[in-house]
Amino acid sequence: VNGVPLRRVNQRYCIATSTKVDLKGADYSKVDDSYFARSKDAKKKSKKEDAMFAAEAAKVGASKEKKDGQKEMDEPLVKGLSDDVKGYLKARFSLTARMFP
Numbered sequence: 091v092n093g094v095p096l097r098r099v100n101q102r103y104c105i106a107t108s109t110k111v112d113l114k115g116a117d118y119s120k121v122d123d124s125y126f127a128r129s130k131d132a133k134k135k136s137k138k139e140d141a142m143f144a145a146e147a148a149k150v151g152a153s154k155e156k157k158d159g160q161k162e163m164d165e166p167l168v169k170g171l172s173d174d175v176k177g178y179l180k181a182r183f184s185l186t187a188r189m190f191p
């Protein structure tokens with residue numbers, strides 16, 4: 091809907107609303123702790139001097155499987171949303187000084 095991939099987010103960063111979204115059409119059975127786990131290669135970083143001056147490693151984005159799974163999960167969800175909710179989710183959100191949620 092808003093171009094954000096499926097991620098695990100701490101509850102402190104979520105804003106509660108009274109909006110209800112129907113999730114019945116989507117299959118979220120593949121989403122569990124292993125879905126959000128990072129690869130072990132990404133955790134290993136060399137602390138040697140050579141690694142510090144070496145060219146940056148290629149950034150690894152989301153795998154094709156995760157992108158396809160995201161589209162499969164989003165399709166039924168988007169079909170159940172009204173135009174108002176789609177606009178709300180696409181809008182950029184930010185808080186400034188003295189602005190409370």
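Heads up, the sequence shown is in this note's numbering, so the first residue is 91 and it goes up one at a time.
We treat Cβ as the ideally placed atom computed from N, Cα and C, and that holds for glycine.
Bear in mind that the values here come from a model prediction, so they are computed numbers and not experimental data.
{"Item": "Span separating the alpha-carbon of Y118 from that of M189", "Value": "35 Å"}
{"Item": "Residue nearest to A127 in terms of C-alpha spacing, selected from A152, K110 and G115", "Value": "A152"}
{"Item": "Contact under 9 Å by Cβ, P166 with K114", "Value": "yes"}
{"Item": "For K130 and A116, the rounded distance between their alpha carbons", "Value": "30 Å"}
{"Item": "Where L167 sits in the DSSP three-state scheme", "Value": "helix"}
{"Item": "Alpha carbon of D123 to alpha carbon of K156, nearest angstrom", "Value": "14 Å"}
{"Item": "9 Å Cβ cutoff met for V175 and V111", "Value": "yes"}
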